[in-house]
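Those protein sequences? They're chains A and B, same order as listed. All residue numbers in the first sequence are consecutive under full-length UniProt numbering, ending with 473. All residue numbers in the second sequence are consecutive under full-length UniProt numbering, ending with 473. Heads up: the structure comes next, in structure tokens.
2 protein chains.
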Amino acid sequence: MTAPDGAAAPDVAPAPDGASTPFLLSAFEMMTPVHQSPGLWRHPESRIAEFDRLAYWTRLARTVEDGGFSALFLADVLGLYDVYGGGIEATVRGGVQWPVLDPAVAVPAMAAATERIGFGVTASVTYERPYLLARTLATLDHFTGGRVAWNIVTSYQDSAARNLGLDRQIPHDARYDLADEALHALYRLWEGSVEPGAVRFDRAAGVVADPDRVHPAAVAGAHVRVPDAALTHPGPQGTPYLFQAGASARGRRFALDHAEAVFAIGPTPAHVRRFVDQTRAGLTEAGRSADAIRVLAMVTVVVAETDEAAAQRLAGYAEHVDVAGALALWGGWTGVDVAGLDPDAPLEHVVTDANRSALAAFTEDPSGRTWTLRDVAEFVAIGGRGPVIVGSPETVADELQRWQAETGVDGFNVSAAVRPADLERFAALVSPELRRRGVLREPEPGRTLRENLSGAGPALPADHRGHAFRTAG
Amino acid sequence: MTAPDGAAAPDVAPAPDGASTPFLLSAFEMMTPVHQSPGLWRHPESRIAEFDRLAYWTRLARTVEDGGFSALFLADVLGLYDVYGGGIEATVRGGVQWPVLDPAVAVPAMAAATERIGFGVTASVTYERPYLLARTLATLDHFTGGRVAWNIVTSYQDSAARNLGLDRQIPHDARYDLADEALHALYRLWEGSVEPGAVRFDRAAGVVADPDRVHPAAVAGAHVRVPDAALTHPGPQGTPYLFQAGASARGRRFALDHAEAVFAIGPTPAHVRRFVDQTRAGLTEAGRSADAIRVLAMVTVVVAETDEAAAQRLAGYAEHVDVAGALALWGGWTGVDVAGLDPDAPLEHVVTDANRSALAAFTEDPSGRTWTLRDVAEFVAIGGRGPVIVGSPETVADELQRWQAETGVDGFNVSAAVRPADLERFAALVSPELRRRGVLREPEPGRTLRENLSGAGPALPADHRGHAFRTAG
């Protein structure tokens, strides 16, 4: 298997010489056997069987910090993928985002093992109670010294809904309306309830905190009611740094309203360029600075000492792909079940009304390639829905610089197929090359994640809607 | 101020010579400026202003582990105390269990800093969704190597209820009925969903986990519905070790059904003896072994090189008591507001119909002592509702042995007035004396918390109701 034709952007010109805007790196991970690469846990270098040991994660955090990454981002799901074959068999057998551990509780331990890197924690605004979520994230902000980000998700799986007290999903757009209301409650709790400096342990005055600087949240929304003061004082960032990755129209609008960083997933620079341009324009329309959101493009990187060795390495990865696991993952994303269809027949022979739309990206491949379901699975299994960059450190650096120049992204969310080997190899081989070229924008110790990613202060900037919730500090 | 007359048990005889059953130690803490001793944060040795830094807690964990403690237990509340004066002013000014951080997220970091000690995490079965709570606690069990306990609370504050989606409290007994249902769901998720060994990363077979060893939880209760399989596999203990501290009749019955350890709080050995006897008898009636529950008595220890120095030290503590803060704490526990009453008048002059029952323990002091509200505050502020043991290491060891002999408790839950000094001093001064006498039952590395506390295996014993939920492993 190779990355599909076109994935490395055939439709744009090479990067101009001298295009060397420094960019950010984030590591895209998940506390589960298979994040985006079903079957790759079988690779001889995989150590992901240790995913349920804390030391695996503290070591990975140090690895990517040493590699100049700014953040380790932890995805999450709250249900099992059960679309493929109408059950969980391929999901369980393949370890496809299952078992999945709670990412939040590992963060302080990873922070204690590092000095500069930030940690992105996924938590569902649909299923967490705002009053408790505010406290958990504030606690993480305290315990990391301001190095935590919250990845806001609304949770898209029916399997999550039915195990969490709902009979079925809240409809998509209503989920985002509820999320808007929850965010307002959270801003009240993080920005408007306990003023910065209110907790001061003044022995002489006998005051732990000034009562006149602690305010009721006074949130009385249609769905969210939080009348009282927050359970704790805000951490160094106040509101934790906010990630969001919604791809729908409503999700994009939510991101323009709230996010400080978003992920772009697209197979070509042209796709990502459109996303970046829409984001910048949308921000301006929304009254925020055009660069108020950091855009990170997802990439999977397979690196070796030479281009040839890297190509061989990728070929070796393909031997381990779990086709059923990949189709279970793809089924979860799309809601389409292709179990029972011939994996080796050209797609046009297995297209039905039910799967036509989900398969359109492949049946209508502009390169003219004829895909099979096995090809789709292999495409998903290495790189997910983003590009796979394969080559020597120089080639990978060239490609990342080219992507940056052609798309205008602020950096990359680097995913690994063989874990943790691909991130270890990136840190060992690619990061030194990026440093040599002066294009790696690294975090500084003693600064919050927001400072390191935005370049501005530790708190929400004045053009963010959460800023208006602030009480005098 | 001294500990109130009678607090050190005037109504029982001295311990018999040779009574040397080894006992367990747990440290009773909370991630907040004031846990049980309002005002003592002002003591010159207090470092509790660092409570919002992770290093404070990892260091404390090492301290008590070095002192031979088996567990560090973290209390929690989900609302502000707002009874005293009808508001939060005394609570905020005094830092009375506010701000309060999320205890769960610090546990893996504390586990990484230690080898033997277990961690008790308080979480509310009323407000946490069982499907997510199961995952969080299983994750903690994995990341601590089986060293986590869950302290099951149903949350008693109206202030928690109204900020967490309810207009007011669920009535007390109904909360426990709901808790029973939630526990059954949790047993299904921890014991019955993913069989031990099902997750095995078999490269040759291409199997992360065996689908036929993963079962739907199939919980369809009146209030709790969890149809699907757990989000993750169980940790080394399966069900985490279960603490519970309910004092009501319904709460006691719940403990007899579910708990593996409980806390006893009583001012005299006679009080605690009754509690222990009732627990042993209740366990037998419930079909469990009479020693199936470990009973730990709460004590506050003030130790110095000599008895005289310890008495002086306690006198110094009294100078820092925060009377309003103590009455805010007591008001939260009892629901009775004594703001506006003369703190220095004999209690009989300030008793009203509203506070009569809550003050009865003091107005009807069998020693005949006449109390004032200030006395009540000072009593609460050093030692909470349990005894204060004051003296040299030898005296403290004598007293702990006497309490153990007279009450039959399995150990002590040691609370600190000046934090972390009192626990550091206990570890430095009392623990060596207990070791010299051979009465300190210490945890062993490489064992789970359940093994270290119960002396049996890592999983729930056969006479625990959760055991029946187990599927073949």
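The beta carbon of each residue, even a glycine, is placed where N, CA and C say it ideally should be.
Does any CB atom of chain A fall closer than 7 Å to the CB of His142 (chain B)? yes
If you draw a straight line from the C-alpha of Thr63 (chain B) to the C-alpha of Leu54 (chain B), how long is it? 14 Å
Report yes or no: do the segment 447-460 of chain B and the segment 72-84 of chain B share at least 3 C-beta pairs separated by less than 8 Å? no
Does DSSP put Pro393 (chain A) in a helix, in a strand, or in coil? helix
Residue closest to Gln237 (chain A), alpha-carbon to alpha-carbon, out of A:Arg402, A:Gly145, A:Asp375: A:Gly145
Taking 7 Å as the threshold (beta carbon to beta carbon), is Gly95 (chain B) in contact with chain A? yes
Min CB distance Asp228 (chain A) to chain E below 7 Å: Protein chains in the displayed structure are A and B, and chain E is not among them.
So Leu164 (chain B) contacts chain A; which residues on that side make the cut at Cβ distance below 8 Å? Arg129, Tyr131, Leu132
Neighbour-count burial assignment, Arg116 (chain A), 16 or more Cβ in a 10 Å radius: buried
Could you tell me whether any Cβ in chain B is nearer than 7 Å to the Cβ of Arg419 (chain A)? no
Comparing C-alpha positions only, which one of B:Val302, B:Tyr131, B:Glu399 sits nearest to Asp228 (chain B)? B:Tyr131
Those residues which DSSP pairs with Trp150 (chain B) across a bridge: B:Val121, B:Leu242
Rounded Cβ spacing between Ser155 (chain B) and Tyr176 (chain B) (contact assumed at less than 8 Å): Their Cβ separation, rounded to whole angstroms, is 12 Å, which puts Ser155 (chain B) and Tyr176 (chain B) out of contact at 8 Å.
Quick one: what's got a C-beta closer than 6 Å to Arg108 (chain B)'s C-beta in the same chain, skipping five residues either side? Per the sequence shown, the amino acid found at residue 108 (chain B) is Pro instead of Arg. The residues are Phe143.
If contacts are defined as beta-carbon pairs under 8 Å, then Val396 (chain A) and Val439 (chain A) qualify, I think. What distance do you get, rounded to the angstrom? With 8 Å as the limit, Val396 (chain A) and Val439 (chain A) do not qualify as a contact, their Cβ atoms being about 12 Å apart.
In the DSSP output, what is Ala71 (chain A) paired with across the bridge? A:Ser26, A:Gly118
How should Glu308 (chain A) be labelled, buried or exposed, when 16 other C-beta atoms within 10 angstroms of its C-beta is the threshold for buried? exposed
Can you give me the Cβ contacts of Arg465 (chain A) inside the same chain, cut-off strictly under 8 Å, excluding the 5 residues immediately before and after it? Tyr187, Asp257, His258
Applying the criterion that 16 or more other CB atoms from any shown protein chain within 10 Å of the CB defines a buried residue, is Glu285 (chain A) buried or exposed? exposed
Going along the chain, which unbroken runs of the beta strand (DSSP E) with 3 or more residues stay wholly within the segment 29-107 of chain B? 71-75
Go ahead and label Pro393 (chain B) buried or exposed: buried means 16 or more other beta carbons lie within 10 angstroms of its beta carbon, across all protein chains shown. buried
Neighbour list for Asp322 (chain A) in chain B, Cβ cutoff strictly below 8 Å: Gly206
So, is the C-beta of Thr232 (chain A) closer than 7 Å to a C-beta in chain B? yes
Residues in its own chain within less than 7 Å of Val351 (chain B) by CB, not counting five upstream and five downstream? Leu359, Thr363
Contacting residues, own chain, Cβ-Cβ under 6 Å from Arg425 (chain A) (five flanking each side not counted): Val303
With a threshold of 7 Å between beta carbons, is Thr139 (chain B) in contact with chain A? yes
Along the segment 79-107 of chain B, what residues have a CB closer than 9 Å to any CB found in chain A? Gly79, Leu80, Asp82, Gly87, Ile88, Glu89, Ala90, Thr91, Val92, Arg93, Gly94, Gly95, Val96, Trp98, Pro99, Val100, Leu101, Asp102, Pro103, Ala104, Val105, Ala106, Val107
Inter-residue CB distance, Arg135 (chain B) and Asp102 (chain A) (contact presumed, cutoff 8 Å): 5 Å
Could you check if Glu444 (chain B) is buried or exposed, using at least 16 other CB atoms within 10 Å of its CB as the buried criterion? exposed
Based on DSSP bridge pairs, tell me the residues matched to Gly235 (chain A). A:Gly238
Strictly under 7 Å for the Cβ-Cβ distance: is Arg203 (chain B) near chain A by that measure? yes
Euclidean distance between Cα positions of Ala8 (chain B) and Gly383 (chain B): In this prediction, Ala8 (chain B) has a pLDDT of 38, which is less than 50 and means its spatial position is unreliable; what the coordinates show is noted afterwards. Distance between the alpha carbons of Ala8 (chain B) and Gly383 (chain B): 11 Å.
Considering Cα atoms alone, identify which of A:Ala220, A:Val92, A:Ala104, A:Arg147 is closest to Leu164 (chain B). A:Ala220
In chain order, what residues of the same chain lie with their CB nearer than 6 Å to the CB of Asp76 (chain B), ignoring the 5 residues before and after it? Pro103, Thr122
Going along the chain, which unbroken runs of the alpha helix (DSSP H) with 4 or more residues stay wholly within the segment 304-354 of chain A? 307-318, 323-334
Please report how far the alpha carbon of Gly386 (chain B) lies from the alpha carbon of Met298 (chain B), in whole angstroms. 6 Å
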